[in-house]
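Chemist:
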Amino acid sequence: MKVILILLLIGAFYGLYTKYFKAGDFPSAGIPSGRYTTKSLPSYMIDGSVNLEKKIVKGRTNIIDFYSEYCPPCKRMSPFLKTLDARREDIVVIKIDINRTGVEGIDWDSPVAKQFRLKSIPHFIVITPWGKFMCEGKEAYNYVVQQLRVER
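Numbering of the sequence shown is given in the numbering used here, commencing with residue 108 and proceeding in unit increments.
#1: Applying the 10 Å Cβ sphere with the 16-neighbour rule, what's the burial state of Ala-193?
#2: First and last residue of the beta strand (DSSP E) that includes Tyr-174?
#3: According to DSSP, what are the bridge partners of Lys-202?
#4: Determine the burial state of Gln-254: buried for a count of at least 16 other Cβ atoms within 10 Å of its Cβ, exposed for fewer.
#5: Once the 5 residues before and after Cys-181 are set aside, which same chain residues still bring their CB inside 7 Å of it?
#6: Answer with buried or exposed for Val-252, where buried requires no fewer than 16 other C-beta atoms within 10 angstroms of its C-beta.
#7: Between which two residues does the alpha helix (DSSP H) holding Met-184 run?
#8: Under 7 Å between the Cβ atoms of Arg-224 and Ser-217?
#9: Assign Val-233 to one of three DSSP states: helix, strand, or coil.
#10: Where do the N-terminal and C-terminal ends of the alpha helix (DSSP H) with Glu-160 fall, by residue?
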């Protein structure tokens with residue numbers, strides 16, 4: 108009986124491993140599995156003119172920071188992100204302003220905000236050095252805070 112139970116557990120772990128980790132789609136709390144794939148995330152167009160694929164830096168962890176100049180928490184976090192980007196060779200911070208030109212206040216109706224379904228900012232997406240989606244939202248925020256603590 109123990110042998111059968113052990114074989115079932117091994118099979119379950121192997122199934123989860125091949126489903127999530129080999130596919131490069133990490134399960135995250137509150138994020139539907141499969142929302143982004145290696146191909147779909149980098150090919151998004153930002154405001155119809157910037158290709159995110161060109162901004163992703165392979166070989167480094169990419170922290171994508173969606174922000175607005177009208178967002179006080181974004182402004183407070185900005186110097187820390189700049190320091191993190193400058194001091195850590197394994198991390199690159201990609202800042203994306205969600206506002207359209209000429210719009211005052213946080214532009215929740217912008218193509219970027221709608222495309223990425225942004226509900227709050229700052230909003231982070233973390234991409235692994237291999238170009239795979241790692242985490243988003245609160246989980247990504249916690250990752251960024253952890254990296255900032257390491258940097259101190």
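All C-beta atoms, glycine included, are put in the ideal place defined by N, C-alpha and C.
This structure is a prediction, so every number in the text was calculated from the model and none was measured.
Modeler: On the basis of the data shown:
#1: Within the sequence shown, residue 193 is the residue found at index 86, counting from 1. By the neighbour-count criterion, in which a residue is buried when 16 or more other Cβ atoms sit within 10 angstroms of its Cβ, Ala-193 is exposed.
#2: Along the sequence shown, read from residue 1 onward, the residue named residue 174 stands at position 67. Residues 168-174.
#3: Here the question's residue 202 lines up with position 95 in the sequence shown. Beta bridge pairing from DSSP links Lys-202 with Asp-172.
#4: Locating residue 254 in the sequence shown gives position 147, counting from the first residue. By the C-beta density criterion, Gln-254 is buried, having at least 16 other C-beta atoms within 10 angstroms.
#5: In the sequence shown, residue 181 corresponds to position 74, counting from 1. Cβ within range, chain order: Tyr-174, Ser-175, Ile-228, Pro-229.
#6: In the sequence shown, residue 252 corresponds to position 145, counting from 1. Exposed: under 16 other Cβ atoms inside 10 Å.
#7: Taking the sequence shown and counting its residues from 1, one reaches residue 184 at position 77. Note, Met-184: alpha helix (DSSP H), 179-194.
#8: Working through the sequence shown from its first residue, we reach residue 224 at position 117. Working through the sequence shown from its first residue, we reach residue 217 at position 110. The Cβ-Cβ distance between Arg-224 and Ser-217 does not fall below 7 Å.
#9: Residue mapping note: residue 233 aligns to position 126 of the sequence shown, counting from 1. Note: Val-233 maps to strand in three-state DSSP.
#10: Counting from 1 along the sequence shown, the entry for residue 160 is found at position 53. It is not in any alpha helix (DSSP H) - Glu-160 carries neither H nor E in the DSSP assignment.
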